[in-house]
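Residue numbers (the working numbering): 1 to 230.
The beta-carbon is built from N, C-alpha and C at its ideal position, and this holds for glycine as well.
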Ligand code: CO
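If you want it as structure tokens, here you go:
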């Protein structure tokens, strides 16, 4: 008997239930997906993206990692954002954190956890940046939860700094980046009132203009003449 019997049995029951209510559901869905939202959330098994916002398969494009971190050199996350924005043409990117996040908590500890500390270092940067505010909070849990919120805001900004989002805005694409946070104890989302939909909302340092074509010209010329000379 398969060690994953429960998983396969559940799958059969799930597919059967959906097909009974909507006979064409899977055949229609197999032809295309047109989600309006990209969700970037924590891998925590309790923060179930589609379910907690009541969306059906095909309605939410999802990327999850530990503590919902967006790093500008993370090819995995960047590829998800590019595909979502340029191919699926999602209108909204939602960063969703959650209170009591184990990843954020681990980032606040001095004890070494191994390799993961390199990933969590991105949250330590958020901690350091907001140290003054965080030090004023004496309650440990409250301080952790505030860092969970600040981490969402920071990661939403990181999304806006990517070439993908900046190019979309330069081309007047309708695209908003939002931040929210989930409470495990109530199952409710809280809007952090983070909404970015144009380049001017970003600090000047991060604003990218169109590349100057002549920067690339010499390289192309060299490559072409090399090829023709063969
Ligand atoms: Co978490």
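Within 10 Å of its beta-carbon, does residue i have 16 or more other beta-carbons around it, so buried, or fewer, so exposed?
i	result
residue 68	buried
residue 162	buried
residue 111	exposed
residue 14	exposed
residue 44	buried
residue 157	buried
residue 107	buried
residue 49	buried
Could you spell out where the beta strand (DSSP E) holding residue i opens and where it closes?
i	result
residue 97	92 to 98
residue 69	Unbroken run through residue 69: none, as it is neither H nor E.
residue 63	60 to 65
So the alpha helix (DSSP H) residue i belongs to, where does it begin and stop?
i	result
residue 79	75 to 82
residue 37	Here residue 37 belongs to no alpha helix (DSSP H); instead the beta strand (DSSP E) covers 37 to 42.
residue 24	Unbroken run through residue 24: none, as it is neither H nor E.
residue 140	140 to 161
residue 49	49 to 52
residue 126	116 to 129
Per DSSP, residue i forms a beta bridge with which residues?
i	result
residue 181	97, 190
residue 103	The partner list for residue 103 (beta bridge, DSSP) is empty, contrary to what the question assumes.
residue 206	None, per the DSSP bridge assignment.
residue 196	177
If contacts are defined as beta-carbon pairs under 8 Å, then residue i and residue j qualify, I think. What distance do you get, rounded to the angstrom?
i	j	result
residue 23	residue 60	Not really, about 23 Å apart at Cβ, beyond 8 Å.
residue 178	residue 92	6 Å
residue 197	residue 176	4 Å
Lining residues of the ligand CO - beta-carbon closer than 6 Å to any non-hydrogen atom, in sequence order: Residues with a Cβ closer than 6 Å to any heavy atom of the ligand CO, in chain order: 42, 44, 67, 98, 101, 102, 103.
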